[in-house]
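Report on the structure given below.
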Amino acid sequence: MEDEDKKPSGCCLFVLYNSCFRRHPVPVSPFNPISPSAVSKGNIHNSNARRPISNQTSAAIPYPHPKPPTADQTKLTPPGGIPRPGNGGVSSDLDSMIYDHQRTKGSSALVRASSGNFMLYGNLGNLRAPGAVTPNRNILEYLPMTAKEMEKARGGGKVEAPTSICRALSRRLDPEELKEMGNVDYKNGRYAEAVALYERAILIDPEKASYWSNKAAALMGLGLLLDAVEDCREAIRIDPYYFRAHQRLANLYLRLGEPERAAKHYKLAKNEASYDDISHAKDIQVFIGKCSEARKSRNWNILLKESQSAISAGADSSPQIFAYQAEALLMLRKLEDAEESMIDAPKFETAASTKFFGAPSNAYYLSVRAQVDMAEGKFENAVSLAQMAARIDPGSREIAAVARKARSVASARSMGNNLFKASKFAEASLAYGNGLEHDPQNAILLSNRAACLSKLGEWQKAIEDCNAALILRPKYSKARLRRADCNAKMERWEASVEDYEVLVLEMSGDKTVIKALQEAKEHLNRKSVEGILEAANGSEVRNLTNKDQFHGVVKSPGKYEGKI
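Note that the sequence shown covers residues 1 to 564 in our numbering.
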């Protein structure tokens, strides 16, 4: 009997059995000791009709006393004592699958049956009372979904089970058959299903290099490049002369920005790779070398050019190269482009990325991400990333400086926000100014200080801060809105109208902005008319530059009527 703390290891298989085969009769076998007669006599009750029983109550499903094994049955019993199931229909096939699962886990422990499990998985096969409502559970709940399936799920559609998986698990299949079925799914873009089938083949025969290599290809389709690298390495360990695996691993290294490793495996791939592949890897190596030199000399234009060349040449999944590009854009004050660069950058789990790329490389990538988040106004996230980078590479002074800067700027912004909410605008302005001492090019702090200055009536200074913020972030609507408001308060209607017209496009449907634009236009027209009439009264000739000015003059009442 298993300890009650342990969870059953075969739940997924039982769920699959229910989903695909629950209408079949339940045959009696050593792995399924419950007879059909027990069901007909009502010995197996519906979980909804039972009296409450504690979920902690558990017992192992006992085996009946078997008859003495025959010679053929003895051959099916492997070392370790787990009897190999024989041929006996669908139930026997499920038993075989449970046997393979137990063999891979290295344990012959029985699957635990508890009141909780029966309530959750009470619909095994035909083991349910008439009229019982059973949960609809599917093996795909335990597998990653493809992009199409995720899109369908978001739209409310039901994700259907691929026939290949049900067919693979409905009967005993040779691992080669499983591989071929995985190949079909792979060619049709069903990468998650292909991975599941290749893994099933690997469970049966883990020493077949082609299964690992094919699984790596499917993982590449899912974007799981680091996992794919591990599977390619395993394929090569099994068969060092498996050229396809070398070629696949070289492609992965190239995409991940490791051209030296890529060139090595292209050479080992023999006929699976060409001289152009090796030459391509060397070109990317040159680009990366120039990136390193440009960064040391702080030549940001060259760094931007060479990093973009490396990405275009095929290193499209290298965090370090994307970090080069984003840092160059930050230093060139192209903040929005830097944000786009980080959005396009690959996202790997931190521990796996540090293991593969090394601590200095991953820490540098995280520190650049922190700086981009800080420029974007995500201060708390920036502090978290910067501190993580400092923990990964504690010996780097540069990364430690980024962490200190992130903490100082985030603290100043938080203090300024609290003071602004308390209507202490002068103190809030000083707090934002302290943050700008650490990060002079932070558009968020500039715009926030402009809001304080506007509240204090210092509209010209507020406009200057807004101008600086918009140079850094041309699409920063808050800064443009504050500048438009300050210009309106200073009766600079033409400048105010220009900003409001841009904002109407950027903030489509915003009634406040639409109303502000109409009011600014009315003031601008009134001012234009007054100027024109004054010029006419003084016998000066003025040109009408737009229709609004003309209509304003024509409609204006009083003594000037008819003078135009």
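Where a beta carbon is used, it is the ideal one built from N, C-alpha and C, also for glycine.
Buried versus exposed call for residue i [16 or more other C-beta atoms within 10 Å across all chains shown]
i, result
"Gln-518", "exposed"
"Lys-405", "buried"
"Glu-306", "buried"
"Ser-367", "buried"
"Glu-258", "buried"
"Glu-376", "buried"
"Arg-128", "Caution applies to Arg-128, whose pLDDT of 37 falls short of 50 and renders its modelled position unreliable; the value that the coordinates give is listed next. Under this definition Arg-128 is a buried residue."
"Arg-248", "buried"
"Ala-245", "buried"
"Arg-369", "buried"
"Pro-206", "exposed"
"Tyr-275", "exposed"
"Tyr-242", "buried"
"Ile-343", "exposed"
"Leu-503", "buried"
"Leu-335", "buried"
"Arg-480", "buried"
"Asn-525", "buried"
"Ser-279", "exposed"
"Ser-508", "exposed"
"Ala-410", "buried"
"Ser-312", "exposed"
Close-in-space but distant-in-sequence residues of the same chain around residue i (CB under 7 Å, 5 per side omitted)
i, result
"Leu-219", "Val-195, Asp-227, Ala-228 and Asp-231"
"Asn-255", "The sequence shown places Arg at residue 255, not Asn. Taken in chain order, the residues that qualify are Leu-225, Gly-314, Ala-315, Asp-316 and Ser-317."
"Tyr-365", "Pro-319, Gln-320 and Ala-323"
"Ala-520", "Ala-488, Trp-493, Ser-496, Val-497 and Tyr-500"
"Leu-329", "Leu-304, Asp-337, Ala-338 and Ser-341"
"Leu-178", "Ala-168, Leu-197, Arg-200 and Ala-201"
"Phe-379", "Val-409, Ala-410 and Arg-413"
Selection from the options that minimises the alpha carbon distance to residue i
i, options, result
"Gln-308", "Ser-297, Ser-353, Lys-290 and Glu-234", "Lys-290"
"Asp-499", "Ala-484, Ser-508 and Ala-488", "Ala-484"
"Glu-339", "Gln-460, Gln-371 and Ala-263", "Gln-371"
"Ala-326", "Asn-301, Glu-349, Thr-350 and Phe-348", "Asn-301"
"Arg-413", "Leu-445, Ala-450, Ser-384 and Ala-262", "Leu-445"
"Gly-457", "Ala-310, Gly-435, Ala-431 and Ala-426", "Ala-426"
"Ser-523", "Ala-431, Ser-429, Ile-514 and Glu-491", "Residue identity check: residue 523 is His in the sequence provided, not Ser. The option with the nearest alpha carbon to His-523 is Glu-491."
"Leu-430", "Met-415, Asp-439 and Ala-422", "Met-415"
"Glu-272", "Pro-360, Asn-251 and Asp-373", "Asn-251"
"Arg-233", "Ser-384, Phe-356 and Met-507", "Phe-356"
"Asp-174", "Tyr-186, Ile-202, Lys-187 and Gly-189", "Ile-202"
"Thr-350", "Asp-344, Ser-341 and Ala-386", "Ala-386"
"Ala-281", "Ala-263, Val-513, Asn-188 and Arg-526", "Ala-263"
"Asn-434", "Ser-447, Tyr-211 and Ser-408", "Ser-408"
"Asp-439", "Val-513, Met-331, Ala-479 and Ser-396", "Met-331"
"Asp-239", "Leu-268, Ile-311 and Ser-423", "Leu-268"
"Ala-235", "Tyr-253, Ile-204 and Ala-209", "Ala-209"
"Glu-506", "Lys-478, Arg-526 and Lys-527", "Lys-478"
"Gln-285", "Asn-299, Tyr-253 and Ala-450", "Tyr-253"
"Asp-450", "Ser-423, Arg-482, Lys-527 and Ala-422", "A small fix is needed here, since residue 450 is Ala in this sequence, not Asp. For the residues Ser-423, Arg-482, Lys-527 and Ala-422, the minimum Cα distance to Ala-450 belongs to Arg-482."
"Phe-287", "Asn-467, Ser-384 and Glu-260", "Glu-260"
Cutoff 6 Å; reference residue i; Cβ partners in own chain excluding five residues on either side
i, result
"Val-184", "none"
"Gln-73", "The predicted position of Gln-73 is uncertain, since its pLDDT is 46 and thus under 50; a value taken from the coordinates is nonetheless stated next. Once the five neighbours on either side are set aside, Gln-73 has no close Cβ partner at all."
"Ala-443", "Ala-469, Leu-472, Arg-473 and Tyr-476"
"Cys-486", "Ser-454, Trp-459, Ala-462 and Ile-463"
"Ala-363", "Ala-389, Ile-392, Asp-393 and Ile-399"
"Phe-222", "A small correction: the amino acid at residue 222 is Leu; Phe does not occupy that position in the sequence shown. Taken in chain order, the residues that qualify are Tyr-191."
"Cys-452", "Phe-425, Ala-428 and Ser-429"
"Glu-293", "none"
"Ala-382", "Ala-370, Asp-373, Met-374 and Ala-406"
"Ser-353", "Asn-362"
"Pro-360", "Asp-393"
8 Å CB neighbourhood of residue i in its chain, flanking five on each side removed
i, result
"Glu-199", "Lys-215"
"Arg-333", "Gln-441, Ile-471 and Leu-472"
"Lys-41", "In this prediction, Lys-41 has a pLDDT of 37, which is less than 50 and means its spatial position is unreliable; nothing more can be read from the coordinates."
"Tyr-186", "Ala-194, Asn-214, Ala-217, Ala-218 and Gly-221"
Exercise for review: Tell me the start and end of each unbroken beta strand (DSSP E) in the stretch 424 to 463 that is at least 3 residues and wholly inside, in chain order.
Suggested key: none
query: Which runs of the beta strand (DSSP E) spanning at least 3 residues fall entirely within the stretch 477 to 504, listed in chain order?
result: none
- For the stretch 181 to 205, list the alpha helix (DSSP H) runs that are entirely contained and at least 4 residues long, ordered along the chain. 191 to 204
Starting from the N-terminal side, write out each stretch of the beta strand (DSSP E) that is 3 residues or longer and does not extend beyond the stretch 367 to 394.
-> none
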